[in-house]
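Participant:
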Amino acid sequence: MSAARRCRPPRALAGLFALRLRNTGVQQIRCPCVHLCRVGDRLITFQYFNFLKRMYVTQYNKDLSQQAKPKSNSTVSPFHELQQLDQERKVVCKISPISPVHQSWSETSSRSELRETKSAAETEDSLTPVGAEFKEDRQWKEMKLRLDDLPGILARLSKIKLTALVVSTASAGFAMAPVPFELTCFLLASLGTGLASCAANSINQFFEVPFDSNMNRTKNRPLVRGQISPLLAVCFAACCGIPGIVLLTLAVNPLTGALGALNIFLYTCCYTPLKRMSIANTWVGAVVGAIPPVMGWTAATGSLDAGALLLGGILYSWQFPHFNALSWGLREDYSRGGYCMMSVTHPGLCRRVALRHCLALIGLSTVAPVLDITTWTFPIISLPINLYISYLGFRFYRDADRSSSRKLFFCSLWHLPMLLLVMFTCKKSVLEKEDKGDLLGESHDRAMEIRLP
Amino acid sequence: MRIISELVTVVCFKVPSRLGIDSRLRRSSEAAAVLLRRCVCVSQGLGFRPPAHSHSDWIGPPDKHSNLRPVIFYVPPEESALERRLREARQEAQDSNQRFWARHNRAFRQEKEEFIYSRLKAKGLEMRDESGQKATLSAEEMADFYKDFLSKNFKKHLLYNRDWYKRNFTITFLMGQVALVRALRWLRPRKKNVEQ
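Heads up: the protein sequence lines correspond to chains D and A, in order. Here the first sequence stands for residues 1 to 453, where the numbers follow the UniProt record's numbering. Here the second sequence stands for residues 1 to 196, where the numbers follow the UniProt record's numbering.
(1) Could you check whether the Cβ of M342 (chain D) sits closer than 8 Å to any Cβ belonging to chain A?
(2) Could you give the first and the last residue of the continuous alpha helix (DSSP H) run that contains R356 (chain D)?
(3) Output the distance between the C-alpha atoms of L86 (chain A) and L174 (chain A), rounded to the nearest integer angstrom.
(4) Excluding sequence positions up to five away, which residues of its chain have a Cβ less than 7 Å from the Cβ of L46 (chain A)?
(5) In three-state DSSP terms, what is R162 (chain A)?
(6) From D333 (chain D) to Q133 (chain A), what does the alpha carbon distance come to, in whole angstroms?
(7) Grab the span of the alpha helix (DSSP H) containing P230 (chain D) for me, first residue to last.
(8) Which residue from D:A172, D:S171, D:C235, D:N220 puts its Cα closest to that of A200 (chain D)?
(9) In chain D, what lies closer than 8 Å to V71 (chain A) by C-beta?
(10) What's the gap between the Cα of P384 (chain D) and the Cα of I242 (chain D)?
(11) Quick one: is residue 222 (chain A) buried, meaning 16 or more other Cβ sit within 10 Å of its Cβ, or exposed?
(12) Please report the distance separating the alpha-carbon of A89 (chain A) from that of M142 (chain A).
(13) Closer than 7 Å, Cβ to any Cβ of chain A: which residues of the segment 230–247 of chain D, in chain order?
(14) For a quick check, are the C-beta atoms of S105 (chain A) and R138 (chain D) less than 8 Å apart?
(15) Within 10 angstroms of its Cβ, does C411 (chain D) collect 16 or more other Cβ (buried), or is it exposed?
(16) For I373 (chain D), collect the residues of the same chain with a Cβ closer than 6 Å to its Cβ; drop the 5 residues on either side in sequence, then sort them by chain order.
(17) When the distance is taken between beta carbons, is F409 (chain D) closer than 8 Å to L326 (chain D)?
(18) Count the other CB atoms within 10 Å of the CB of T298 (chain D); is the residue buried (16 or more) or exposed (fewer)?
(19) In the DSSP assignment, find the alpha helix (DSSP H) that holds E208 (chain D) and state where it starts and stops.
(20) Straight-line CA distance for A175 (chain D) to L248 (chain D)?
(21) Can you tell me whether DSSP reads K134 (chain A) as helix, strand or coil?
(22) Buried or exposed: which applies to K219 (chain D), given that a residue is buried once 16 or more other Cβ atoms fall within 10 Å of its Cβ?
(23) Is the shortest distance between the beta-carbon of P347 (chain D) and the beta-carbons of chain A less than 8 Å?
(24) Within the continuous alpha helix (DSSP H) that includes K219 (chain D), where are the two ends?
(25) Assuming V287 (chain D) and L311 (chain D) are in contact, meaning their beta carbons sit under 8 Å apart, how far apart are those beta carbons, in whole angstroms?
(26) Should L274 (chain D) and N263 (chain D) be called a contact, given that it needs their Cβ atoms to be closer than 8 Å?
(27) Return the Cβ separation of A354 (chain D) and G393 (chain D) in integer angstroms, given the expectation that the two are a contact with Cβ distance under 8 Å.
(28) Is it true that the CB of T172 (chain A) sits closer than 8 Å to the CB of P222 (chain D)?
(29) Check the DSSP bridge columns for T169 (chain D) and list the partner residues they point to.
(30) For I314 (chain D), which of D:G302, D:L255, D:S278, D:T366 has the nearest alpha-carbon?
(31) Got a sec: does the ligand COA put a non-hydrogen atom nearer than 7 Å to the Cβ of A89 (chain A)?
(32) What are the start and end residues of the alpha helix (DSSP H) that includes H65 (chain A)?
(33) Looking at the structure shown, is Q141 (chain D) part of a helix, part of a strand, or coil, going by DSSP?
(34) Measuring only between beta-carbons, confirm whether K159 (chain D) sits less than 8 Å from chain A.
(35) Under 8 Å between the Cβ atoms of E113 (chain A) and L120 (chain A)?
(36) Please identify, using Cβ separations under 8 Å, the residues of the segment 159–185 of chain A that lie next to chain D, in order along the chain.
The structure is reproduced here in structure tokens:
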């Protein structure tokens, strides 16, 4: 994949796109697959395949070749790359076979080689060509809000993917509650949680504009790029947060509403400022992550049971291997940006805590059947995945290098959904307590079907 | 430069409107003010002039030292005192942020180079190896530097954070006030038309 392949540039392009042969400036012709630029008297083209890997057509000594840009050893967050991977998986760019370009066009091209920087290429949400995005980034833009851009901007402002994850953990909490399932309550609780999360994320971005500008992972956020004004961001947060909390309080129950409001407060007023003051922010952030499943449980049952606290505990413990592994690769950015993170100030503690909480997950999974939330198959079935993450946690503790931190981080991403899925499969239903035997058999069969990596 | 531009704004807009001077003179005054704004932008080293017909702010690419994006603020011909306060607050915040981050990032880069140099020297290695490539330290060796740099600048960051939060709240509050005043202004003429 990384070997350079010789190929003649597409002939069809000369006919498809009109090239204005002016000597001033750069002419760009937009196309979802191929991007043509003319800089002065040089013609440069590069194309990419969104769904595979970025490939660049470069010209050197009149020979055009296609190669994948070598991956640079930058400190860009693996989470950021994963977001990109998600993006790349979603884009289906069908590229039809193209024939070599007209010979005269290649003769007028220069012998220079085009290099694109990786940081310019990485964007959080862009679906346009890599080169076009880089060029747009270098241009001055009018700060005028366009209505058709607004949904995309608000999605990025509210960190829609993170919100989706938060809502799914809340749904897991709702599903695990030992009460008959009510669809309307479930939907209202999910909507309310989603709105509260959008509000909290928007306020977080509102507070962190100059810091986000200085970190590779966050430099393409809407407020940093001036796509939206701070006033609009605050109004959006208010329009999401207030209806969200009101919905939870009135349509679900006051306890869930209170938990939602508490979570918004913890995230915006405690976690965000604490990030720059003390390493305690990680523990506060873990509580913030633990509250949504508790909210789901209280939405279903109306009370804060031991089961809710256990689910919260599982999410709380999960945050540490997830975040500590992620932060290991961002030490330079955190140090320069002034963020107080364990990975920078107390690296030993960072790794110890990650390992400790991986082991705690095993313990908490064992407590689940004791509290009558799941059957005893749950700790048995979840043992392999818990042991695997603990093993990676141990490797991270021992080796303390980038590869072990990345492995632990990526493991945490599939570990949580799998654990929650297994938990739901092994859920002990209150109504079917008489059919305990059948239920055990059923869940056993289902559990056997789950393929573990 | 900014003082001159403010003076021109007063002379070109506020005075003619008070004296009731005709619109042709006002238009040429507006053109003069736009020209001056362009000169200010170029003199600030931003190297960009917003088009004359544009009535909005323009945001540029990230600065190479501070990584912050500069904004050229639009000065409307009939700017109210409140709008002027908002624009000035935003300009001051931008300048303050630019100064802080440019200085901070420069210090980071410099201290990082010094650290790498001292560590390589201690190991008996040169800054560049045989192939001419710059020698680097491993992430674990750099971790000492990152920890040290963070703790050295902790107080500086605390003061900056307080300043930034204050400015951010002030600017957003002023934006809210300006938006409210504009909305009321837009409603009042419509109300008058309805009453008539």
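Every residue, glycine too, gets a C-beta built ideally from N, C-alpha and C. Since the structure is predicted, the reported quantities are computational estimates derived from the model, not experimental observations.
Facilitator: Put simply:
(1) Within the first sequence, residue 342 (chain D) is the residue found at index 342, counting from 1. No, because no Cβ of chain A sits closer than 8 Å to the Cβ of M342 (chain D).
(2) Your numbering for residue 356 (chain D) matches position 356 in the first sequence. Looking at the DSSP string, the run of the alpha helix (DSSP H) that includes R356 (chain D) is 347–370.
(3) For the purposes of this step, residue 86 (chain A) is taken as residue 86 along the second sequence, with counting starting at 1. For the purposes of this step, residue 174 (chain A) is taken as residue 174 along the second sequence, with counting starting at 1. Roughly 6 Å separates the two Cα atoms.
(4) Indexing the second sequence from 1 puts residue 46 (chain A) at position 46. Closer than 7 Å at Cβ, skipping near neighbours: G60, P70, I72.
(5) For the purposes of this step, residue 162 (chain A) is taken as the residue at position 162 of the second sequence. The answer is helix: DSSP assigns R162 (chain A) an H, G or I state.
(6) For this step, residue 333 (chain D) is matched to residue 333 along the first sequence. For this step, residue 133 (chain A) is matched to residue 133 along the second sequence. Approximately 24 Å, taken between the alpha carbons.
(7) Position 230 of the first sequence holds residue 230 (chain D). Its alpha helix (DSSP H) spans residues 230–247.
(8) For this step, residue 200 (chain D) is matched to residue 200 along the first sequence. Nearest option by C-alpha distance: D:C235.
(9) The residue given as residue 71 (chain A) occupies position 71 in the second sequence. Within chain D, the residues near V71 (chain A) are M143, G226.
(10) Within the first sequence, numbered from 1, the residue matching residue 384 (chain D) stands at position 384. Within the first sequence, numbered from 1, the residue matching residue 242 (chain D) stands at position 242. About 43 Å.
(11) Examination of residue 222 (chain A) is not possible in this model, given that chain A is present from 1 through 196 alone.
(12) Within the second sequence, the letter at position 89 stands for residue 89 (chain A). Within the second sequence, the letter at position 142 stands for residue 142 (chain A). Computed Cα separation, rounded: 39 Å.
(13) P230, L231, V234
(14) The residue you call residue 105 (chain A) lines up with position 105 of the second sequence. The residue you call residue 138 (chain D) lines up with position 138 of the first sequence. Here the sequence assigns Asn to residue 105 (chain A), which means Ser is not the residue at that position. Going by C-beta atoms, N105 (chain A) is not nearer than 8 Å to R138 (chain D).
(15) Here residue 411 (chain D) refers to the residue found at position 411 when the first sequence is read from its first residue. The residue in question, C411 (chain D), is buried, as its Cβ has 16 or more Cβ neighbours within 10 Å.
(16) As a position in the first sequence, residue 373 (chain D) is number 373, starting the count at 1. Hits under 6 Å: G307.
(17) Indexing the first sequence from 1 puts residue 326 (chain D) at position 326. Indexing the first sequence from 1 puts residue 409 (chain D) at position 409. Cβ distance < 8 Å, so L326 (chain D) and F409 (chain D) count as in contact.
(18) If you number the first sequence from 1, residue 298 (chain D) lands on position 298. Its Cβ being crowded by 16 or more others within 10 Å, T298 (chain D) is buried.
(19) As a first step, residue 208 (chain D) is located in the first sequence; it is residue number 208 there, counting from the start. Neither: E208 (chain D) is in no alpha helix (DSSP H) and is coded neither H nor E.
(20) Looking up residue 175 (chain D) in the first sequence gives position 175. Looking up residue 248 (chain D) in the first sequence gives position 248. One C-alpha to the other measures close to 17 Å.
(21) Taking the second sequence and counting its residues from 1, the one referred to as residue 134 (chain A) is at position 134. Strand at K134 (chain A).
(22) By 1-based counting over the first sequence, the position of residue 219 (chain D) is 219. Answer is buried; the Cβ neighbour count reaches 16.
(23) Your numbering for residue 347 (chain D) matches position 347 in the first sequence. Yes, P347 (chain D) lies at the interface with chain A (some Cβ there is under 8 Å from its Cβ).
(24) For this step, residue 219 (chain D) is matched to residue 219 along the first sequence. K219 (chain D) -> no alpha helix (DSSP H), and no H or E assigned at all.
(25) The residue labelled residue 287 (chain D) in the question sits at position 287 within the first sequence. The residue labelled residue 311 (chain D) in the question sits at position 311 within the first sequence. No, V287 (chain D) and L311 (chain D) are not in contact; Cβ-Cβ is about 13 Å, not under 8 Å.
(26) Sequence index remark: in the first sequence, residue 274 (chain D) carries index 274 (1-based). Sequence index remark: in the first sequence, residue 263 (chain D) carries index 263 (1-based). No, they are not a contact pair.
(27) Position 354 of the first sequence, counted from the first residue, corresponds to residue 354 (chain D). Position 393 of the first sequence, counted from the first residue, corresponds to residue 393 (chain D). That pair is a contact at about 5 Å.
(28) Within the first sequence, residue 222 (chain D) is the residue found at index 222, counting from 1. Within the second sequence, residue 172 (chain A) is the residue found at index 172, counting from 1. No, the pair does not count as a contact, with Cβ atoms beyond the cut-off.
(29) Counted from its first residue, the first sequence places residue 169 (chain D) at position 169. Answer by DSSP bridge pairing: none, since T169 (chain D) is not bridged.
(30) Here residue 314 (chain D) is taken as the residue at index 314 of the first sequence, counted from 1. The residue with the shortest Cα to Cα distance from I314 (chain D) is D:T366.
(31) Looking at this structure, you won't find the ligand COA or any other ligand, since it has none at all.
(32) As a position in the second sequence, residue 65 (chain A) is number 65, starting the count at 1. H65 (chain A) -> no alpha helix (DSSP H), and no H or E assigned at all.
(33) The residue labelled residue 141 (chain D) in the question sits at position 141 within the first sequence. The sequence as given places Lys at residue 141 (chain D); Gln does not occur at that position. In this structure, K141 (chain D) counts as strand in the three-state DSSP scheme.
(34) Taking the first residue of the first sequence as position 1, residue 159 (chain D) is located at position 159. It does not: the Cβ of K159 (chain D) has no partner Cβ on chain A nearer than 8 Å.
(35) Residue numbering aside, residue 113 (chain A) sits at position 113 when the second sequence is read from its first letter. Residue numbering aside, residue 120 (chain A) sits at position 120 when the second sequence is read from its first letter. No, the Cβ-Cβ distance between E113 (chain A) and L120 (chain A) is not below 8 Å.
(36) Y160, N161, W164, Y165, N168, I171, T172, M175, G176, A179
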